[in-house]
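There are 2 protein chains.
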Amino acid sequence: MKWTELDENWCPVARTLSLVGDRWTLLILRDCFLGMSRFDQFVASTGATRHLISDRLKRLVEAGILEKQAYSERPKRYEYVLTEKGQEFSPALMAFRDWGKKHLPVRRASNA
Amino acid sequence: MKWTELDENWCPVARTLSLVGDRWTLLILRDCFLGMSRFDQFVASTGATRHLISDRLKRLVEAGILEKQAYSERPKRYEYVLTEKGQEFSPALMAFRDWGKKHLPVRRASNA
DNA sequence: CACTTAAGTTCCTATTTGGAACTTAGGGCA
DNA sequence: TGCCCTAAGTTCCAAATAGGAACTTAAGTG
Numbered sequence: 018m019k020w021t022e023l024d025e026n027w028c029p030v031a032r033t034l035s036l037v038g039d040r041w042t043l044l045i046l047r048d049c050f051l052g053m054s055r056f057d058q059f060v061a062s063t064g065a066t067r068h069l070i071s072d073r074l075k076r077l078v079e080a081g082i083l084e085k086q087a088y089s090e091r092p093k094r095y096e097y098v099l100t101e102k103g104q105e106f107s108p109a110l111m112a113f114r115d116w117g118k119k120h121l122p123v124r125r126a127s128n129a
Numbered sequence: 018m019k020w021t022e023l024d025e026n027w028c029p030v031a032r033t034l035s036l037v038g039d040r041w042t043l044l045i046l047r048d049c050f051l052g053m054s055r056f057d058q059f060v061a062s063t064g065a066t067r068h069l070i071s072d073r074l075k076r077l078v079e080a081g082i083l084e085k086q087a088y089s090e091r092p093k094r095y096e097y098v099l100t101e102k103g104q105e106f107s108p109a110l111m112a113f114r115d116w117g118k119k120h121l122p123v124r125r126a127s128n129a
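These protein sequence lines are chains A and B, in that order. Count along the first sequence starting at 1, add 17, and that's the number in the numbering used here. Count along the second sequence starting at 1, add 17, and that's the number in the numbering used here.
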């Protein structure tokens, strides 16, 4: 089964995953909650390829989670901002953050 | 950048995603919370291939989110149960469920 | 004119998935 | 004994997706 077929699943978790159940998509949303809104910011921050960011932003806009807004005419430039639907996703990211903080501490060799 | 490289990321959300930021992994966890524990149950319930389920279960066990327990000797058979670390992931799934329920209703053509 | 920024797109290779069949280790029963 | 069944995986190959780097478009800067 392809994951795109999950969108009509009986389970709301599965339907949610069909839309945002992808690492880069969720990282983009994290960045939005951190105040980012531009293409190159997402590329730099997530480390994903431009190709992927382009694709994921398109899907998020189609899904009504982000909105594309022009912030400059002549060079036409757009930024991506969370819609209300997108804003309401924050509890999920908070839950991920809390779980990660508790269970996946960074154990950097203190390179002194 | 490969997503596996996210595990040392400064951001706890990214570290969490490096582990469970994948559709099938999260669906397996959903199933665990619904009381499932066996390989074929995960296969049937998620619709993912046996190959994928096998791979994801391995990673979840390695990460200490699930535990493999023998429920039968002679035919050796194992089941997968949530550890405490895994149990504590429930708020994230609840958040996904709530968001999906609110924003992604199933609109089935009532096939009467 | 040459350089820079921002937002993408294109191209090609490499990795991951999807699907179906095969394996291993017994159990049931005729 | 022989045949089919279950459960948990593994293997194989074709198809889809991702990674990396360069290219494009449209302007602004010195």
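Where is the CB? At the ideal position from N, CA and C, for every residue including glycine. On a predicted model such as this, the values are computed, not experimentally measured, just so you know.
Apart from sequence neighbours up to five positions away, the residues of its chain that approach ALA31(A) with a beta-carbon distance below 8 Å are LEU23, ordered along the chain. Going by C-alpha positions, GLU79(A) is about 13 Å away from SER35(A). Residues of chain A whose Cβ lies closer than 9 Å to the Cβ of MET18(B) are, in chain order, THR63, GLY64, ALA65, THR66. Residue pairing by DSSP places ALA109(B) in no beta bridge whatsoever.
Contact note: GLU79(A) does not reach chain B at a C-beta cutoff of 9 Å; the least C-beta distance is about 13 Å.
Linking PHE113(B) to PRO29(A) through their CA atoms gives a straight-line distance of about 7 Å. Within its own chain, the residues whose Cβ lies closer than 7 Å to the Cβ of ARG55(A), once the five positions on either side in sequence are excluded, are GLU96, listed in chain order. DSSP places ARG47(A) inside the alpha helix (DSSP H), whose first and last residues are 40-50. For ARG47(A), the CB contacts under 7 Å within the same chain, skipping 5 residues up- and downstream, are LEU110 in chain order. Contact between VAL123(B) and GLU25(A) holds: CB atoms are separated by about 6 Å, below the 8 Å threshold.
Any Cβ of chain B closer than 8 Å to the Cβ of LEU44(A) would place that residue at the interface, and such an atom is present. In this structure the segment 70-86 of chain B does not lie against the segment 71-90 of chain A, because fewer than three pairs of beta carbons, one per stretch, are closer than 8 Å.
THR100(A) has a beta carbon lying at 8 Å or more from every beta carbon in chain B.
Setting aside the 5 residues that flank it on each side, GLN86(A) is surrounded in the same chain by TYR95, GLU96, VAL98, each with a C-beta closer than 7 Å to its C-beta; the list follows chain order.
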